[in-house]
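One structure is given below, encoded as structure tokens.
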Amino acid sequence: RTATYNSGRAPPRQLLQPDVWLGRTMDVVSWKGTLAEMALALEKVGGVPVKAGLAMSLLARRFFLNDLHQMCLYFDAGKVKATVAQFKEEVPDAFSAEDWFRHAKYANGQPIVPDVVPGVH
Numbered sequence: 078r079t080a081t082y083n084s085g086r087a088p089p090r091q092l093l094q095p096d097v098w099l100g101r102t103m104d105v106v107s108w109k110g111t112l113a114e115m116a117l118a119l120e121k122v123g124g125v126p127v128k129a130g131l132a133m134s135l136l137a138r139r140f141f142l143n144d145l146h147q148m149c150l151y152f153d154a155g156k157v158k159a160t161v162a163q164f165k166e167e168v169p170d171a172f173s174a175e176d177w178f179r180h181a182k183y184a185n186g187q188p189i190v191p192d193v194v195p196g197v198h
């Protein structure tokens, strides 16, 4: 739902304008889409077919990653009223899903989308 990289790009703007932001919040919504649209973004950037699907069952998510589960329920219920356009007014170069896949790395430091995609020359 959001490119997490953008979460760190918003606070400097707030800190530089305390008179504007004191007592206000900023929702970081830099991309909205479905699981299928997320898979399509990864496929476009990575150059290999991607099938949309859950990484774990909802039951496992609920019991082992309850904070993530509650956040997903919040998003799915449509409670986020902020828009991508509103966030881009504050952070115009906010990452989209495709941008995030180009930038992101796994915990081991390997890029999610490698420079050289197997089978593509």
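Here the sequence shown stands for residues 78 to 198, where the numbers follow this note's numbering. Glycine included, every Cβ here is placed at the ideal spot set by N, Cα and C. Being a predicted model, the structure only gives us computed values, none of them experimental.
- Query: CA-CA distance, F152 and D192?
  - Reply: 33 Å
- Query: Roughly how far, in whole angstroms, is the beta-carbon of E175 from the beta-carbon of A118, given that I think they are within contact range, below 8 Å?
  - Reply: 5 Å
- Alpha-carbon spacing of F267 relative to S107, whole angstroms: As shown, the chain starts at 78 and ends at 198. That puts residue 267 outside it, with no answer to give.
- Message: By the three-class DSSP mapping on this structure, what secondary structure does K165 have?
- Response: helix
- For the region 170-185 against the region 81-88, are there 3 or more C-beta pairs whose distance is under 8 Å? yes
- Boundaries (first-last residue) of the alpha helix (DSSP H) holding D192: Element bounds for D192: n/a, residue is neither H nor E.
- What is the DSSP secondary structure of K182, reduced to helix, strand or coil? strand
- Who are the near neighbours of V161 in its chain, counting only those whose CB is closer than 7 Å to its CB and skipping five residues on each side? V106, S107, W108 and K109
- Task: Taking only the alpha-carbon atoms, compute the straight-line gap between A181 and Q187 and give it to the nearest angstrom.
- Result: 9 Å
- Could you pull out every unbroken alpha helix (DSSP H) segment of at least 4 residues lying fully inside the region 97-171, listed in chain order? 112-123, 135-141, 143-153 and 161-167
- Where F178 falls, given that 16 or more other Cβ within 10 Å makes a residue buried: buried
- Task: Reducing DSSP to helix, strand and coil, say where R86 ends up.
- Result: coil
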